[in-house]
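The numbering of the sequence shown is the working numbering, which starts it at 161 and goes up by one. The beta-carbon is built from N, C-alpha and C at its ideal position, and this holds for glycine as well. Below you'll find the structure, written out as structure tokens, and then a few comments.
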Amino acid sequence: MLTVAPPDAIELRSNATFEALMWALSRPGDSRDMPETGLAAIAETLVDLECTVFINDPALRSEIAATGALVAEDISQADHVFLSSLEGTDAQLATIRCGSALYPDDGATLVANVRHGVGQRVRLSGPGVDGTLELTLSVSPGFWAMRAMLCAYPEGFDMLLVDGRSVIGVPRSTLVEVL
Numbered sequence: 161m162l163t164v165a166p167p168d169a170i171e172l173r174s175n176a177t178f179e180a181l182m183w184a185l186s187r188p189g190d191s192r193d194m195p196e197t198g199l200a201a202i203a204e205t206l207v208d209l210e211c212t213v214f215i216n217d218p219a220l221r222s223e224i225a226a227t228g229a230l231v232a233e234d235i236s237q238a239d240h241v242f243l244s245s246l247e248g249t250d251a252q253l254a255t256i257r258c259g260s261a262l263y264p265d266d267g268a269t270l271v272a273n274v275r276h277g278v279g280q281r282v283r284l285s286g287p288g289v290d291g292t293l294e295l296t297l298s299v300s301p302g303f304w305a306m307r308a309m310l311c312a313y314p315e316g317f318d319m320l321l322v323d324g325r326s327v328i329g330v331p332r333s334t335l336v337e338v339l
């Protein structure tokens, strides 16, 4: 008879983080709570040996490098892009992977620290949004304009916007209107 060990604390945290991320992307604009603050738990949950990752935070960079994942020097090479902030990154992000019509799943996942409830008001619509949803995020109108140019569905990139323990998902299929 095969006995299965109960999950340890790390596995429980990763499972809870994964569930929060899944629901955040399934219901764009809805805030979900993760078991821990910051980007490290998300990196631990999403990144494996088959991933290429770009990170602009030196502490998180060394933590992810320890997992054996390939750390990219350029955003255009990364499956996952972890940014400590979106401020001043528009030029870099213009090269983020957006997949193709044939392989839209080759688009990257952008994970960034973004304050919720302050900044630019936006309206979300599309799959997973009941009608429209308005929210306020500390993301510049220029970023949203760049995203609109890059995300011609099914091409584009998914976003996980983190504020402490809270995460908001904005998949590539979501239309974002700056108000």
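In this structure the segment 279-290 does not touch the segment 230-241; the number of beta carbon pairs closer than 8 Å is below three. In its chain, beyond the 5 residues on either side, Ser285 have a beta carbon closer than 8 Å to the beta carbon of Gly291. Inter-segment contact for the segment 295-310 and the segment 161-169 is absent: fewer than three beta-carbon pairs are separated by less than 8 Å. As computed with DSSP, Asp193 is found in a beta bridge with Ser326. In terms of Cα proximity to Leu321, the closest of Thr334, Gly279, Glu294, Leu270 is Leu270. In the three-state DSSP reduction, Arg221 falls in the helix class (H, G or I).
When the alpha-carbon of Ala312 is set against those of Arg257, Val278, Val327, Asn273, the nearest one is in Arg257. DSSP places Leu335 inside the beta strand (DSSP E), whose first and last residues are 335-338. Listed in chain order, the alpha helix (DSSP H) runs fully inside the segment 230-302 are 250-253, counting runs of at least 4 residues. Burial of Leu297 is indicated by the presence of at least 16 other C-beta atoms within 10 angstroms of its C-beta. In the structure shown, Met161 falls within a coil segment according to DSSP collapsed to helix, strand and coil.
The closest CA to that of Pro264, considering only Arg332, Trp183, Ser186, Thr177, is found on Arg332. Nearest Cα to Leu206 within the set Leu295, Ala226, Leu181: Leu181. Contact annotation: Ile328 and His276 have beta-carbon atoms nearer than 8 Å.
An exposed status is given to Leu262, since fewer than 16 other beta-carbon atoms sit within 10 Å of its beta-carbon. Rounded to whole angstroms, the separation of the alpha carbons of Asp239 and Gly248 is 21 Å.
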